[in-house]
Every structure is written in C-alpha cells, then in structure tokens.
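Residue numbers (the working numbering), protein chains in the order written: chain A, 1 to 281; chain B, 282 to 562.
Virtual Cβ for every residue (Gly too), placed ideally from N, Cα, C.
Here the structure is a predicted model, which means the values were calculated and not measured.
2 protein chains.
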Amino acid sequence: MVIFKEIEPLKAFLSDKRALDHSVGLVPTMGALHSGHLELVKASKKVNSITVCSIFVNPIQFNNPADLEKYPKSLEHDIAYLNSVGCDVLFHPDRSEMYQKPTTTKFDFGQLDKVLEGEFRPGHFSGVALVVSKLFNIVNPTRAYFGQKDFQQFKIVQRIVDDLNFNIELICFPTLREADGLAMSSRNTRLSDEERKTASVFYRSLVFAKNEIRNRAGIKSINERVVEMCLSEKNVRLEYFAIADTENLNLLDNVKDADRSILLIAGFVGEVRLIDNMFVE
Amino acid sequence: MVIFKEIEPLKAFLSDKRALDHSVGLVPTMGALHSGHLELVKASKKVNSITVCSIFVNPIQFNNPADLEKYPKSLEHDIAYLNSVGCDVLFHPDRSEMYQKPTTTKFDFGQLDKVLEGEFRPGHFSGVALVVSKLFNIVNPTRAYFGQKDFQQFKIVQRIVDDLNFNIELICFPTLREADGLAMSSRNTRLSDEERKTASVFYRSLVFAKNEIRNRAGIKSINERVVEMCLSEKNVRLEYFAIADTENLNLLDNVKDADRSILLIAGFVGEVRLIDNMFVE
Chain A
1 MVIFKEIEPL KAFLSDKRAL DHSVGLVPTM GALHSGHLEL VKASKKVNSI
51 TVCSIFVNPI QFNNPADLEK YPKSLEHDIA YLNSVGCDVL FHPDRSEMYQ
101 KPTTTKFDFG QLDKVLEGEF RPGHFSGVAL VVSKLFNIVN PTRAYFGQKD
151 FQQFKIVQRI VDDLNFNIEL ICFPTLREAD GLAMSSRNTR LSDEERKTAS
201 VFYRSLVFAK NEIRNRAGIK SINERVVEMC LSEKNVRLEY FAIADTENLN
251 LLDNVKDADR SILLIAGFVG EVRLIDNMFV E
Chain B
282 MVIFKEIEPL KAFLSDKRAL DHSVGLVPTM GALHSGHLEL VKASKKVNSI
332 TVCSIFVNPI QFNNPADLEK YPKSLEHDIA YLNSVGCDVL FHPDRSEMYQ
382 KPTTTKFDFG QLDKVLEGEF RPGHFSGVAL VVSKLFNIVN PTRAYFGQKD
432 FQQFKIVQRI VDDLNFNIEL ICFPTLREAD GLAMSSRNTR LSDEERKTAS
482 VFYRSLVFAK NEIRNRAGIK SINERVVEMC LSEKNVRLEY FAIADTENLN
532 LLDNVKDADR SILLIAGFVG EVRLIDNMFV E
C-alpha cells in the first residue's frame, strides 16, 4: 500500500493511473477502522483498478469539541488492517494539508440537513459536505463507498453529487453488526464493558419497531414503546427515534406510508453518542 | 465549432480529448456575447488545446424575476461571434438539462457574499457558486476564464476552488470598455440612447475616486462626491460605491489603506442595473 500525506503527490500518482484507463474507488473514513470499513474496501477492490482509503478526522464536522478530542485513533492498526485486504493507497493528510487557507464556505441543504442528526449536530453536514467535496476533487474517484450506518450523511453526499454534477457513482453499503446486533462503529471502542452490553438497545428498538410496523401498530404507540425500551436501560439517553421517507428523510406520521421507510435512532450510552438505522421493506 | 446541448455527449467528447493530453479552457457566459467575452475566448485559445464556451442563463442566480425575463438573448449572433474567433466547443444546455432534479443545495460564504452585490442581490452568489460548480464538474477544465467586471463573483469562484479543492486555474481578465469608459456588458443593449450616454457616469465616478485616493482625500468626502456625481445625472440611481480590500472585499475606512484597493460601484440607469470596478494600485 502506498501512503500519501500530501495532496499533490497523490494527485500525480492517480493521474498517471487514470491515463492508463484505471478506475478509482474511494473509501472516505475517519480512521479507527473496523470490519465495516474493510467491507467497503473489499467492495471497491472488486470493481475498481485502484482503491484509495482516506483517513482524516475532519474537525469542521464536529459540533462537539469533546467528541473531536475523544475520537478514537489507531493509525498503525489501521495500516495493518488496510494492508490485510490489499488496499492500494492510503491518503492520510494532516489538518493543515486539507485546510491550507481559512475556510468560509458553508452548505445548506434545506430540510435534509435540519432533521435528525442535523437537529442535534448543527453544522455537522456542512462540514461533511465540504470535506467530501474536497476528497472528491482531490481523488477524482470513479466510485465512492459509504456505510449505511450514516444514512443521512449518504443522502447529503448524494445531494451534492446530484446538485454539483460530480461524475461519481455512489455506493451505500449495508451496516455490519456485532453478534448482539450493535452496529459497528469506531466510537464503540469508547464504551465500558457494561455500556457495551446495553448499547444493543438501539438495534433492539429498531427490530421491535420494524415488527410493529408490519403489525400495523400506530406510529405514536411505536414511538412511545421505543422511548420506554431506551429509558429502561441504565445510562442510555435517546436523542431521537424516527420513521422517515427513504428519499427525503421527511418524518412519516401514518403507519400505512411506512412499508418502504427507514427507521433511524440516535442517543448516548454513557458519554458515547451512537446512531443506527434500518430499512422497512 | 461543435455545439452540445446535452451533458453526457459533451463529457464523452472532452474525455476523449483529455485522453490525448489536451488541456481544456472554459469560458462560462450567459450569452448575449460582446467583445469582452471574445477576449476571454481568445485568451483561452492561446494556452489551451480546446476552448469551451458555455451559454446558460442560470435562473437561480437571478434574485429579480424581471431581470431574468429581460436578460438579452442573441444565440445566432453568439454562435457566429464564437466561430469568428475559433472557439472549439459551445455548451448550450436548457434548464431541464442543467437542473435535472430539484436543487436544494445552497452556499454561504460568510462576509464575502453579504456585502456589495450580495447585499442587493440576496441568493445571487449561492446560485452562481452552484452553476459554476456544475460547469466545473461537467467540463473539468484545466483553466477557467472570468471577466473582472464581476469581481466579487470572481472572488466567490476563487473561494469554491480553494475550499472545495477544484483542480482548476482561474484567470480574471481585465474589463473591456466602450470609448466613453462604459464597461462592456450584455445588459448595455437594454439601454435607450439617452441612458447609454449617461451610463458612463459609473466609470467617471471610479476614475474620479481613484484620483482622489491618490490625492489623499478623505474616504467620506470621496463617497459624498461620487453620490453627487451620480445624483446629477438623469435616471441614475446609485446602489453602492465602495472602497474595499482586494482580497476579502471588506470596506476600508482609511484612505491610507486604499493604495492597493478596489473601487466598486453599482446602480441603475433607467431600469437597467449596471456594475463596474477599478483597481487602485
């Protein structure tokens, strides 16, 4: 695996590859890689000549400085992990390389970045959109791979690709889960043993709600039962549970509309904020 | 000259050219071409293998529907004009081609899109940034050419190139003027004969102010004299006159800082809104 910390040498390297008609797959990450990330790399390797994984903890997408400070880092482990699946290129810039001038560009996506994560993490998606635009222009990938766990993020990226005419195919890859259903996440490493056990409550809530939708329970009652499930666990604080349209993430208020919807949940276990989601189909 | 109305055939054409290592120059316009536009095309032809001129009247950058409605159109003349200077490609999409899905992405550039034009044309620069991003991703140019008359627009485009890491060299080309100093503009064709004569007041104001700065007149007095000059002309309404920093367009309030500044002016002559600017060096 070739490792680049600077933009220009990476661009020159990829430009040479593209001149040979090589396709390029991009897997943007913030490091602290887990099996979910590796599946994205493997999916990219199957169809692209060159796979680039980026590791960059983007400061401007963190609304909470403590969350940025505590975001897990494991670069040596990440490099070994990426080597084990044959990733071709690691792009690992530092902050001054990615933000060479003070940035003032902000994005607004209307309703899409105001609901759910957008409500609880103001400015988050503007920061995501900016760093993803940067990575798209630096790597110029044929395809880019994202995990379904961050589904609202995926919709935002899809929006910038559509609205700004980026010439990139986006792939949303299903969430990988631990044995008890907990969605794999870099933040899981911050959970204590006890918190780790209760953290599956978000997954259990989603499974419960999906079944209730199939049973045509009312949306109000489903919401109440999910709140109860989370409240009954020690150290769990629910931020939101939502049944939403898969296209625009508008909240649904009739269970009849929920047959092709997405359930989204977010909350804290101790001091660690987790999110998860599940399609109803 | 090859003419494309659709995005995909244009992309395929340019992709073949780039595979031959051809450089691409882009001249984005809204049509109703004048000599100023042609100079941009000529400048592009000097250093790029292929020059693409785009003609697209971008509806989302018009804050005033009447201005959009009355924006001059002269496609046949434009095509002849572009042929006369050997432009290689015209990209002339219609609205449904450029906006295939409803667009919700908006940009915010902090102070830079709130002052001057931004104050009088809310939403204008967000629309400009979006359509320029689209054109950049569709054409993928090596260089892009803009006229200095729209200097604040140039700064906005420079900001998205820097902040989103577009791999494009930007060229700001000096404003072309009529014999009496009036800056060439597509909107000039909308002026009546009488209005056309008074329209040079904006140029005369800039020249006057530049001399006063060299003479170390106070900024307040220069402002007052410019307002007087414009008021003394029939059917002229000044929107703003400003002495600003060339980098961030912040207004200057001390003439000592104005030795390397830019003077910007905007207003109406009859129903036609005109802008102009001039460097102090």
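Anticipated Cβ contact below 8 Å, residue i with residue j, distance rounded
| i | j | result |
| --- | --- | --- |
| residue 246(A) | residue 262(A) | 5 Å |
| residue 58(A) | residue 131(A) | 4 Å |
| residue 231(A) | residue 242(A) | Not confirmed; about 17 Å, so no contact. |
| residue 331(B) | residue 308(B) | 12 Å between Cβ atoms; not a contact. |
| residue 424(B) | residue 328(B) | 7 Å |
| residue 372(B) | residue 335(B) | 4 Å |
Classification of residue i by the beta-carbon crowding that lies within 10 angstroms, buried from 16 upward
| i | result |
| --- | --- |
| residue 222(A) | buried |
| residue 557(B) | buried |
| residue 369(B) | buried |
| residue 140(A) | buried |
| residue 554(B) | buried |
| residue 198(A) | buried |
| residue 550(B) | buried |
| residue 383(B) | exposed |
| residue 122(A) | exposed |
| residue 213(A) | buried |
| residue 499(B) | exposed |
| residue 444(B) | buried |
| residue 508(B) | exposed |
| residue 476(B) | buried |
| residue 281(A) | exposed |
| residue 289(B) | exposed |
| residue 469(B) | buried |
| residue 514(B) | buried |
Separation of residue j from residue i, as counted between CA atoms
| i | j | result |
| --- | --- | --- |
| residue 541(B) | residue 107(A) | 32 Å |
| residue 492(B) | residue 559(B) | 12 Å |
| residue 171(A) | residue 291(B) | 25 Å |
| residue 126(A) | residue 326(B) | 37 Å |
| residue 380(B) | residue 136(A) | 21 Å |
| residue 253(A) | residue 207(A) | 19 Å |
| residue 12(A) | residue 65(A) | 35 Å |
| residue 14(A) | residue 156(A) | 26 Å |
| residue 169(A) | residue 186(A) | 25 Å |
| residue 520(B) | residue 39(A) | 58 Å |
| residue 472(B) | residue 463(B) | 12 Å |
| residue 4(A) | residue 128(A) | 21 Å |
| residue 344(B) | residue 385(B) | 16 Å |
| residue 539(B) | residue 236(A) | 59 Å |
| residue 61(A) | residue 317(B) | 42 Å |
| residue 165(A) | residue 138(A) | 16 Å |
| residue 349(B) | residue 434(B) | 18 Å |
| residue 109(A) | residue 124(A) | 12 Å |
| residue 283(B) | residue 474(B) | 36 Å |
| residue 496(B) | residue 73(A) | 60 Å |
| residue 167(A) | residue 94(A) | 26 Å |
| residue 536(B) | residue 97(A) | 37 Å |
| residue 70(A) | residue 180(A) | 25 Å |
| residue 209(A) | residue 56(A) | 35 Å |
| residue 439(B) | residue 324(B) | 19 Å |
Residue i, enclosing beta strand (DSSP E) - first and last residue
| i | result |
| --- | --- |
| residue 171(A) | 169 to 173 |
| residue 285(B) | 283 to 285 |
| residue 509(B) | No beta strand (DSSP E) holds residue 509(B); the alpha helix (DSSP H) holding it covers 500 to 512. |
| residue 294(B) | Unbroken run through residue 294(B) is the alpha helix (DSSP H), 288 to 300; no beta strand (DSSP E). |
| residue 445(B) | First-last for residue 445(B): undefined, no H or E at that position. |
| residue 515(B) | Element bounds for residue 515(B): n/a, residue is neither H nor E. |
| residue 367(B) | Premise fails: residue 367(B) is in no beta strand (DSSP E) and is neither H nor E. |
| residue 428(B) | 424 to 428 |
Span of the alpha helix (DSSP H), counted from its first residue to its last, around residue i
| i | result |
| --- | --- |
| residue 198(A) | 193 to 198 |
| residue 184(A) | No alpha helix (DSSP H) contains residue 184(A), which DSSP labels as neither H nor E. |
| residue 276(A) | Unbroken run through residue 276(A) is the beta strand (DSSP E), 272 to 280; no alpha helix (DSSP H). |
| residue 352(B) | Looking at the DSSP string, residue 352(B) is not in any alpha helix (DSSP H), and its letter there is neither H nor E. |
| residue 203(A) | 201 to 214 |
| residue 43(A) | 35 to 47 |
| residue 419(B) | 405 to 420 |
| residue 401(B) | 398 to 401 |
| residue 377(B) | 376 to 379 |
Would the segment 67 to 84 of chain A count as touching the segment 361 to 370 of chain B if we require 3 or more Cβ pairs under 8 Å? With the cut-off at 8 Å, the segment 67 to 84 of chain A and the segment 361 to 370 of chain B do not touch.
Does the segment 340 to 359 of chain B come close enough to the segment 307 to 326 of chain B that 3 or more CB-CB pairs lie under 8 Å? Yes: at least three Cβ pairs fall under 8 Å.
Taking 8 Å as the cut-off, does the segment 296 to 303 of chain B touch the segment 199 to 216 of chain A (at least 3 CB pairs, one atom from each stretch)? No: the two stretches stay apart, fewer than three of their Cβ pairs being nearer than 8 Å.
Any contact of the segment 111 to 119 of chain A with the segment 396 to 406 of chain B, i.e. 3+ C-beta pairs under 8 Å? The answer is no - the segment 396 to 406 of chain B does not touch the segment 111 to 119 of chain A, with fewer than three Cβ pairs under 8 Å.
Would you call the segment 144 to 160 of chain A in contact with the segment 172 to 186 of chain A, where contact means no fewer than 3 C-beta pairs closer than 8 Å? Touching, yes, given that three or more Cβ pairs across the two stretches are closer than 8 Å.
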